[in-house]
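Residue numbers 1 to 758, in UniProt numbering, belong to the letters of the sequence shown in order. Cβ coordinates follow ideal geometry from the N, Cα and C atoms, glycine included. Structure first, then comments.
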Amino acid sequence: MQNLSLVLVPVLAAQKAAGDGLIKPLGHHELLLVLVQLSLLLLVARGLGEVMRRINLPPVVGELLAGVVLGPSLFGLLFPDLQTQIFPKNQEQSDLLSVISWLGVLFLLIVTGLETDLKLILRKGKTALLISLGGIIIPFITGFGLGWLLPNSFLADPAKRLVFSLFIATAMSISAVPVIAKVLMDLNLIRRDIGQVTLAAGMTDDTIGWILLSVVSGLASSGKFDFGTVFHSVSAAILFLAIAFTIGRTIVDQILRWVDDYVGGITASMSVVLILSLSAAALTHELGLEAALGAFVLGILAGQSRRFSNEAGHLLEVFTASFLAPIFFATAGLKVNLLTLLVPQTLIFGLIVLAVACFGKFTGAYLGSRVGGLSHWEGLAMGSGMNARGAMEIVVATIGLSLGVLNPQMYSIIVMVAIVTSLLAPPLLRWSLSKVVMGEEEARRLEQEQQDSRSFIKQIQRVLIPTSGGPNIQLAAQLVGHMAHQNSIEVTALYALSDKQPQSKVRRTATQVKDTAAEQALTSVTEEMQLPTDTTLQTKTESGRSKVEVIVNEANKNYDLIVLGASEQTRGQKALFNLLVDRVVQEAPCATMVVKSHLPQAKGETSKIPQQQLNKILVPTVGTEYSKNAVEMASTIAAQTGALVMLVNVINLPQVEYILYEQRSLAPVKEIAHDLLEQQAAIGRNLNADVKTYVLQGTSPEREILKFAQTQEVNLIILGSNIRMVTGRVFFGHRVDAILSKAHCPVAVITTAAQSLY
């Protein structure tokens, strides 16, 4: 105890001496104010946003107006004491709200980055650069001239007119990418060519503008032009972008892969993207660039990675649109008092500044667009979008006020310009873009994106192949290889053990696998796939309490498809394939494809089978979602192998005779069958497959399908089905069971996750 006292006494004495330096928790009143401010801002912003939506305007217009309504212009005019109590002019209290507002900026830019098509921007890069240069140079010149001609009463220090003019020129050059992005999202234009080019030009515009701001701010602080500051800003921007889009892309992708493999889940995926984005924002901020630039770039890099969860991106977008973005836009208008602009001289010169700002941005962006090859209406649309200044210009104005470059009168004018231009952007964009004729190439791209978003096969990015060897899984591996040549996918071959052996994880080199059986099984599968050289292939040997547990646990790491081989041995009466395959199909968190080869068992469990020639692939279809999945899989394989896809619909004669008892005609049913087949055939042809359709008739659909397959010498039958649980076994229906057991050729059955059916 004495020794303890000897230690504690000096510590307590030191704490007492430093008592004044202890960090105090956020005060009760301060926390109360923040909560009230957030709830009020969100209520008014979302409420006005919905009003704007009802009158066919983007919600961002209402969200921007919310700040003006709650600020001194309206709420402060009607209830000045109450407005001051809720939004006090206190720097520390204002900073608390500013932090949340900045989070809104960063989150909005992350979401925008996720939606950005880097390939399209690279294709349109020259156009975007020309638009950006036009949107910087002309507003800078007109802004500089305006600053030089304004009366001395608008200058904080008339002796520093050069610095003032440069600052006004810079403020006129800034665009508000967050506002532009939100408008494009609200108008559902972010995936359009014009939307992507606007984003690229806006971000380039902002980057150059913030470099200019750092130079002018340095000039205002030191009173002299500093070439070192210019060099530092330019080189920092170039270096950051160069590193980000080269090794940075690989690093981000590898981090997302590691998190996906070892942690998994939507939460982990979202968290790692937020950590990386906020870190990048901190880096660009430290480099003297805009923090939003780092967040935007990391959003692009995360969106390029196949391991970033689409569900995580959707949740991030919903959270941003419903909370952080409205708070950011509403906060932007809180600081402006439009009543100060009612002074005649201020109002007149305020309108002049607004006119010069709009003229410079419109003219610059329009000329840049025309030189870049865009049409007249596209040029006007670019001018409309780039003209939005938003909170970015308010930040510039705040910096100018703090540096003593702007006086309160000029500060109010610039904030007014920021809000008015942001309010003008949505209706002008809607009007100008309604005149833009969509080109054939863009229309095809958007249509293809829409089709891909609904496509089963296009959503498959990660494939898991559990293997223990044998012809079934080897044939399945061949089918996966064909698929990989048409779609960019990642493949993992897994050898599951049910004992307690230490887990091992290996890459492509199979010799690293200690277990001989595992080595043979993994080697046979990886060789059969014959994957493209750029396909990511991983092989694993994992152990657990049961093989099913090992497979399902691995599949839970965001796989999209499990490919299984049916049992090579005689199955039990209680199993469709075997107990292991049946349980995996039942418990799988994703789609499954089970392949039954009907090939003779070669000597040795892992003896190689020859590469199967696929000339004709048969897909029986009844027009369901399950059938469509089978059509897509067959068409993808056929596009690679050159096989003919044969779509078959069977008319069940007894049912037809009963339904059409009075008509005594099969014509209406045949017409329906032909229409159904043509719809499914269009899906296959869109995937570059050669497709033919056939309508069959008979008393037993499965018998007609089997007879047709044998007569036509079909090489592969692909069935789509849903899972039905019957006495603990997998049951796809009597027809699927019959085709699986009696077909003369290989059969593959595709089904969605069992969990999604409940």
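Can you check which of these residues, the options, is closest to residue i by C-alpha distance?
{"i": "T284", "options": "A743, A295, A242", "result": "A295"}
{"i": "I266", "options": "G228, G313, Q254, V234", "result": "G313"}
{"i": "L614", "options": "Q478, N188, L464", "result": "Q478"}
{"i": "L96", "options": "L155, T699, H376, V34", "result": "V34"}
{"i": "G385", "options": "V356, S375, A357, A425", "result": "A425"}
{"i": "R462", "options": "Q680, S309, L122, R192", "result": "S309"}
{"i": "F319", "options": "V111, S453, G720", "result": "V111"}
{"i": "L274", "options": "F164, L315, S432, F240", "result": "L315"}
{"i": "A321", "options": "R46, H482, F349, D534", "result": "R46"}
{"i": "Q83", "options": "Q37, V105, L103, L64", "result": "Q37"}
{"i": "I562", "options": "T533, Q409, A748, A689", "result": "A748"}
{"i": "F167", "options": "L298, G209, L464, L70", "result": "G209"}
{"i": "N558", "options": "Q459, I617, A496", "result": "Q459"}
{"i": "G147", "options": "K126, M172, I617, A128", "result": "M172"}
{"i": "A484", "options": "T533, E441, E440", "result": "T533"}
{"i": "E625", "options": "R454, M270, N90", "result": "R454"}
{"i": "G372", "options": "V437, K126, V585", "result": "K126"}
{"i": "A682", "options": "A292, Q448, V585", "result": "Q448"}
{"i": "L278", "options": "R54, K335, T116, L298", "result": "L298"}
{"i": "N686", "options": "R445, K742, S269, A673", "result": "R445"}
Return the chain-ordered list of same chain residues with a C-beta closer than 8 Å to the C-beta of residue i, the five sequence neighbours on each side being excluded.
{"i": "T42", "result": "Checking the displayed sequence, the identity of residue 42 turns out to be Leu instead of Thr. Here the set comprises F323, P326, I327, A330."}
{"i": "Y366", "result": "G134, G379, L380, M382, G383"}
{"i": "R583", "result": "V548"}
{"i": "A510", "result": "For A510, the predicted model reports a pLDDT of 37, less than 50, meaning its position is unreliable and no value from the coordinates is stated."}
{"i": "P701", "result": "P620, V650, N652, R735"}
{"i": "M101", "result": "This sequence places Ser at residue 101; Met is not what is there. Contacts found: I327, F328, T331, A332, A391."}
{"i": "L187", "result": "P58, P426, L429, R430, L433"}
{"i": "F349", "result": "L150, P151, F154, I413"}
{"i": "L341", "result": "L347, G350, S412, I413, M416"}
Are the CB atoms of residue i and residue j nearer to each other than 7 Å?
{"i": "L289", "j": "A237", "result": "yes"}
{"i": "T592", "j": "T751", "result": "yes"}
{"i": "F114", "j": "G303", "result": "Looking at the sequence shown, residue 114 is not Phe but Leu. Going by C-beta atoms, L114 is nearer than 7 Å to G303."}
{"i": "G333", "j": "G67", "result": "yes"}
{"i": "A443", "j": "T467", "result": "no"}
{"i": "residue 798", "j": "H744", "result": "Given that the chain is displayed from residue 1 to residue 758, the structure contains no residue 798 and the question cannot be resolved."}
{"i": "A638", "j": "V631", "result": "no"}
{"i": "V420", "j": "L354", "result": "yes"}
{"i": "N337", "j": "S73", "result": "yes"}
{"i": "S635", "j": "L475", "result": "no"}
{"i": "S233", "j": "I211", "result": "yes"}
{"i": "L719", "j": "T693", "result": "no"}
{"i": "residue 762", "j": "L118", "result": "Since the displayed the chain opens at 1 and closes at 758, residue 762 lies outside it and no answer follows."}
{"i": "A397", "j": "S422", "result": "no"}
{"i": "A201", "j": "I136", "result": "no"}
{"i": "Q640", "j": "Q451", "result": "no"}
{"i": "S165", "j": "F140", "result": "no"}
{"i": "V405", "j": "V163", "result": "yes"}
{"i": "V197", "j": "A128", "result": "yes"}
{"i": "K616", "j": "N688", "result": "no"}
What does a CB cutoff of less than 6 Å around residue i pick up in its chain, not counting 5 residues either side in sequence?
{"i": "G572", "result": "Confidence is the limiting factor: at G572 the pLDDT is only 47, short of 50, which leaves the residue's position unreliable, though a coordinate-based value still follows. Here the set comprises nothing."}
{"i": "E311", "result": "I266"}
{"i": "D193", "result": "E442"}
{"i": "D253", "result": "S305"}
Would you please state the rounded distance, in angstroms, between the beta carbons of residue i and residue j? I believe it to be under 8 Å.
{"i": "E490", "j": "T536", "result": "4 Å"}
{"i": "G364", "j": "I190", "result": "23 Å between Cβ atoms; not a contact."}
{"i": "L740", "j": "V691", "result": "Not quite, the Cβ-Cβ distance comes to about 24 Å (not below 8 Å), so this is no contact."}
{"i": "P610", "j": "A753", "result": "Wrong, their Cβ atoms sit about 33 Å apart, outside the cutoff."}
{"i": "V595", "j": "P746", "result": "7 Å"}
{"i": "V481", "j": "M529", "result": "Reading off the sequence, residue 481 comes out as Gly, not Val. The pair is a contact, with the Cβ atoms about 4 Å apart (cut-off 8 Å)."}
{"i": "S721", "j": "Q680", "result": "At roughly 15 Å, the Cβ-Cβ gap does not stay under 8 Å, so S721 and Q680 are not in contact."}
Assign residue i to one of two classes, buried (16 or more other C-beta atoms within 10 Å of its C-beta) or exposed (fewer than that).
{"i": "Y262", "result": "exposed"}
{"i": "E704", "result": "buried"}
{"i": "F456", "result": "buried"}
{"i": "T178", "result": "The sequence given here places Pro at residue 178; Thr does not occur at that position. Buried, by the Cβ-count rule."}
{"i": "T142", "result": "buried"}
{"i": "A418", "result": "buried"}
{"i": "I551", "result": "buried"}
{"i": "Q345", "result": "exposed"}
{"i": "Y661", "result": "With a pLDDT of 46 at Y661, under the threshold of 50, the predicted position of this residue should be treated as unreliable, and no value is reported."}
{"i": "G195", "result": "buried"}
For the ligand FMN, I want to know if residue i counts as a neighbour, meaning its beta carbon is within less than 6 Å of at least one of the ligand's heavy atoms.
{"i": "R545", "result": "As presented, the structure is devoid of all ligands, the ligand FMN included, so that no description of it is given."}
Counting only the same chain and skipping the five closest in sequence on each side, list residues whose C-beta sits under 7 Å from that of residue i.
{"i": "V61", "result": "M52, L423, P426"}
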